[in-house]
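For the sequence shown, the positions run 1 to 345 when UniProt numbering is used.
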Amino acid sequence: MVVAMAAAMASGFRTKALLDLACCLTVVFSAFLVPSYAKLTTIEHPVKADRSLSFLVIGDWGRRGFYNQSEVAFQMGRIGEKLDVDFVISTGDNFYDNGLTSVYDPAFRESFTNIYTAKSLQKQWYTVLGNHDYRGNVEAQLSPILRNVDKRWICMRSFIVKTEILDIFFVDTTPFVDSNFMCPEEEHSYDWEGVLPRKTYLATLIKDLKAEMRDSTAKWKFVVGHHAIRSLGQHGETPELIKFLLPLLKEYNVDAYMNGHDHCLEHISSIDESIQYLTSGGGSKAWRGDLKPEEDINHTAKFLYDGQGFMSVEMNEKEAMIVFYDVDGKVLHDWKISKQLYSAV
């Protein structure tokens, strides 16, 4: 008995030591991706030989395969193979209902690794946090230890993915939302470690985003966040993003803003600028019956769908094709943007 306990303890110590070593190696390995001069963490991602790029966008998904998550994942794999996608973007709410408890939480495997198993999806997943993720252990999702569990996983608060034709600015939108700081603690508890003092955190983020967008020389600029700027879904528009983030998108000619949060698929165009607002929040639980097309008084909604699905983007230097798919992989809506004209055709 004593020998067995000693052996188990020794094994535990070795396992912890290996995890700690793996964590250190991951940090060292990742360092080359981050130029020391960058205000936000920057990752370089290559384009294809023909200077094209393709990727999928999915949000609000982590439910251990339930609520059609597995069915959506299957179709993502099929479309991903057809398009030879370079990576996948997650718009947040990665693990329901309350994020991860730790880096050892089985929900990571049960909702991610064991669900998105298609060969075409074994690419980098660039991921932001959603409000449900903030209800758990945020540092767990940000930890490099998870990359030793599944090497695809790249999750940070705010960062940039740079390619030869496109810069994607990933923005941590949950700290912007005032109501997240007003809910009674017994209703929702948020992990604000690393965010407080909030005013300083947001001011620094806006300053860094402004500097990075100003210095960007990419032909295309996309921004990804969890919360919507424009939406006709349950949660609707986010006033705080309209106030603080939208002016940057306009000033620096951002082409598209992509988000989740509303559990639906949407495409809304702008009235007075070229920005396309794209909601991909149908990764699992959907069919809420709460879309509000009657509120589209300016007739800017090009597509609304109250159901599960995802989005793809195929692009080169001249044009981008955006496509929405349902849970069966059926094309629901497509939209081509011409870079020369800054207009959709």
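Using N, Cα and C, we set each Cβ at its ideal position, and we do this for glycine too. Every value quoted in this text rests on a predicted model; they were computed, and no experiment measured them.
Check                                                                                                                                            : Outcome
Apart from the five residues just before and just after T26, which ones in its own chain have a Cβ nearer than 7 Å to its Cβ?                    : Bear in mind that the predicted position of T26 carries a pLDDT of just 40, short of 50, making it unreliable; the figure below should be weighed with that in mind. Result list for T26: P144, R147 and N148, in chain order.
If you run the structure through DSSP and keep just helix, strand and coil, what is M76?                                                         : helix
From E240, K123 and E110, pick the residue whose C-alpha is nearest to that of A203; which is it?                                                : E240
Is D328 buried or exposed, if buried means 16 or more other CB atoms sit within 10 Å of its CB?                                                  : exposed
Can you grab the Cα-Cα spacing for the pair L245 / T163, in whole Å?                                                                             : 22 Å
For a test of the three-state rule: what should DSSP assign to Y201, helix, strand or coil?                                                      : helix
T91 and N259 - do their beta-carbons sit closer together than 8 Å?                                                                               : yes
Let's test the definition: count the other Cβ atoms within 10 Å of the Cβ of L100 and tell me whether it reaches 16, buried, or not, exposed.    : buried
Restricting to Cα atoms, I'd like to know which of R152, K119 and M315 is closest to Q75.                                                        : K119
In three-state DSSP terms, what is G329?                                                                                                         : coil
State the DSSP-derived secondary structure class of A301, mapped to helix, strand or coil.                                                       : strand
For Q276, name the three-state secondary structure that DSSP assigns.                                                                            : strand
Taking F169 as the reference, which of E314, G225, F303 and T200 has the closest Cα?                                                             : G225
Measure the C-alpha to C-alpha separation of I229 and L40 and round it to an integer number of angstroms.                                        : 22 Å
What did DSSP end up calling Q124 once you bin it into helix, strand or coil?                                                                    : strand
How long is the line joining the alpha carbons of G281 and Y305, rounded to whole angstroms?                                                     : 11 Å
Between the C-alpha atoms of L332 and Y325, what's the straight-line distance to the nearest angstrom?                                           : 5 Å
Could you tell me which of A218, W220, D290 and L249 sits nearest to S231, measuring between CA atoms?                                           : D290
Taking the beta strand (DSSP E) that A256 belongs to, which residues open and close that run?                                                    : A256 to N259
Measuring straight from C-alpha to C-alpha, what distance separates I337 and A320?                                                               : 5 Å
Using the beta-carbon count (16 or more within 10 Å), is R152 buried or exposed?                                                                 : buried
Measure the alpha-carbon distance for S52 versus M182 and round it to whole angstroms.                                                           : 45 Å
Would you call E266 buried or exposed, if buried means 16 or more other Cβ atoms sit within 10 Å of its Cβ?                                      : buried
In whole angstroms, give me the CA-to-CA distance for Q340 and P106.                                                                             : 47 Å
Which residues in the same chain have their Cβ closer than 8 Å to the Cβ of S189, if we skip the five residues on either side of it in sequence? : R135
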